[in-house]
Amino acid sequence: MLNNAKERNFASSENKTLYTAATAVLVLAEVNRKQYRPQLKQYESYIRQVRSSHGGYAYPGDRQGDVSQTQYAVLALWTLDRAGINIDYNGVQATVNWLLRVQDPSGGWPYRGSDPESMTRIKQGGLTPSMAIAGGSALMIAADILGTWGEVMDEANTGIVGLPESVKLFLEDMVEDETDSNKPTVDAGLIRKAIQDCQAYISAKANSPDPGVVKSSWPYYQLYTLERYESFREVVLGDEYRETKGWYDVGVNYLKKAEQNGRGWPGQAYTTNSVSTAFAMLFLIRGTKKAIEQSAEGTLAGGQGLPDDTTKIRVDGTQIKGEPVAEAVTDLLDMLEGDDPKSLEGKSLPEDMKLAAEPKARKAQIDRLIRLVRGSSSWQARRVAARLLGQSDEIRVVPALIFALDDGDTKVRTFARDGLRFISRKFEGFGMEIQPGEKQDYGELRRAQRLWKEWYLTMDPGYIFIAE
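What follows is the structure, encoded as structure tokens:
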């Protein structure tokens, strides 16, 4: 695939090539943007070459731009830019202008755009709610690449007041930033007006992006696009942002009804079961919003950034170093495993601790957390352990969380229940309303434990639950 992309050696029938290339960019940049930098550059070269002269993207041999393909090309370019790879910024400007030109007067976007070659909109054919939010998303993302809404994180701006210019930020995994700081501009007012018109279009019931209201051939693709649209609309509008009423709940309710009893979501149109499930999960976890927040919270090209607590920053020569997150978690575990259960009373524990990314360190941390949630006499230690285990998204922690459902602390039970629901991807789990003290229905609790054990044995048939 990559060699073909490099040589542009594709048969015209291989219509999904741009989608594949865009998805590959997202995966490689997420896994290790430093290690896969050569491959990412090759994909950038391919995306640069296949852009049409009008600014949009299309299937091979199609002279009209395709809004869906354009959306994925732009998403890949946004990812490449944030990975520190130089892209064709003039080409991005051309894409913004093409998207503005092919918007329908009603505010929607077509599947294939008829270009009026001016900013005077003309009637477009083939409008759908799915394409409206795809066009709106692509427009906002492309404008964000050009810094229209402000740079998310300027590497030169460390956020440390009074830092001498001679002191440079040291990041162990830092990669070279080749992006162009002198990017072309686009009209922010025109873009905001286009999104305002798009919002008016999808607000009409006949154009609802809810696949439960207006039947869609691509419901899971549409929901994933809706999450992206809302996430970037929040960036564009800032304090003026008002979310489309109940959009997330609407999507959750649709997915709850369509889910195949623990087997994910069904294939539909040209998607398989696994693709539908991937789209559904990206919607549920707010995948785009997380990507934006990761960029906004000081994550630089190497995937690491400034410590949240700048009091922990130390200057070593002309380098800045902070306490790694993994070490902070390990230090916390040392404290939680102390002999004195009262030593933590009255102390504030962090709410946003993250497990180590390095596999061996992460495994060691999880093993210690499992021991804490099962055996610590400190309710604070058990709370932290239950919360972190529930957020780990690792199937092997399920037995420990099932055990914690019976904890005497209400918060521990809540973290355990919610963690099981998250890891299993079961929206409602097996019931179990959390109540304090004697109000807790222990019959319901035992039933939930039994059902969770039965579910886990379908994942790991050889596991033996020891009577506890």
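To convert, note that position 359 of the sequence shown is 358 in numbering that gives the first Met the number 0; the numbers rise steadily by one, no gaps. Even glycine gets a Cβ: it sits at the ideal position worked out from N, Cα and C.
Asked: Own chain residues within Cβ distance below 8 Å of P210, not counting five before or after; Found: P218, Q221, L222 and Y253
Asked: Local conformation of P398 per DSSP, three classes; Found: helix
Asked: Endpoints, the alpha helix (DSSP H) within which S230 is located; Found: P218 to L236
Asked: Residue nearest to K182 in terms of C-alpha spacing, selected from R285, D87, R62 and I46; Found: D87
Asked: Inter-residue Cα distance where the pair is N31 and T78; Found: 12 Å
Asked: Beta-carbon spacing of F429, K255 below 8 Å; Found: no
Asked: Inter-residue spacing [alpha-carbon to alpha-carbon] between M458 and I422; Found: 12 Å
Asked: Cβ pair L17, A28 closer than 8 Å; Found: no
Asked: P115 in three-state terms, based on DSSP; Found: coil
Asked: N89: first and last residue of the uninterrupted alpha helix (DSSP H) it sits in; Found: Y88 to R100
Asked: Which of helix, strand or coil DSSP assigns to P265; Found: coil
Asked: Span separating the alpha-carbon of S105 from that of L74; Found: 25 Å
Asked: Buried versus exposed, by CB contacts within 10 Å (16 or more), R535; Found: Any question about residue 535 goes unanswered here, given that the chain covers just 0 to 467.
Asked: Among Y441, N272, A447 and L138, nearest to D417 - alpha-carbon criterion; Found: A447
Asked: Meets three-Cβ-pair contact criterion under 8 Å: the segment 380 to 397 and the segment 407 to 415; Found: yes
Asked: C-beta contact flag for L404 and G389 at 8 Å; Found: no
Asked: Proximity of G134 and R111 at Cβ, strictly below 8 Å; Found: no
Asked: Residue nearest to M130 in terms of C-alpha spacing, selected from K288, G188, I201 and G261; Found: I201
Asked: Exposure label - D103; buried when at least 16 CB within 10 Å; Found: buried
Asked: Sequence-distant residues of the same chain with beta carbon closer than 8 Å to W108, five excluded per side; Found: V66, L98, V101, Q102, Q123, L126, M130, A131, A133, G134, G135 and C197
Asked: Test: P37 CB closer than 8 Å to a CB of chain C; Found: Absent from the structure is chain C; it holds one protein chain and no more.
Asked: CB contact flag (G64, Y71, <8 Å); Found: no
Asked: Rounded straight-line distance, which links the Cα of W246 to that of W451; Found: 30 Å
Asked: Opening and closing residue of the alpha helix (DSSP H) in which M431 lies; Found: First-last for M431: undefined, no H or E at that position.
Asked: Short Cβ contact (8 Å threshold) for E229 with E242; Found: yes
Asked: Integer Cβ distance of N85 from E177, believed to fall under 8 Å; Found: 4 Å
Asked: Residues near D80 by beta carbon distance below 7 Å, same chain, minus five either side; Found: I86, I144 and T178
Asked: Cα-Cα separation between D392 and K362, rounded to whole angstroms; Found: 13 Å
Asked: Spatial distance of Q68 from I433 (CA atoms); Found: 46 Å
Asked: For L126, the residue or residues it bridges with in DSSP; Found: P109
Asked: Assigned exposure category for G250 - 16 Cβ within 10 Å defines buried; Found: buried
Asked: Span of the alpha helix (DSSP H) around R251; Found: The displayed chain sequence assigns Val, not Arg, to residue 251. Residues W246 to A257.
Asked: Rounded C-alpha distance that separates V91 from G83; Found: 16 Å
Asked: Backbone CA spacing between R313 and A355 [nearest angstrom]; Found: Low confidence applies to R313: its pLDDT is 40, below 50, so where it sits in the model is not reliable, and the reading given next is rough at best. Roughly 21 Å separates the two Cα atoms.
Asked: Which of helix, strand or coil DSSP assigns to D417; Found: helix
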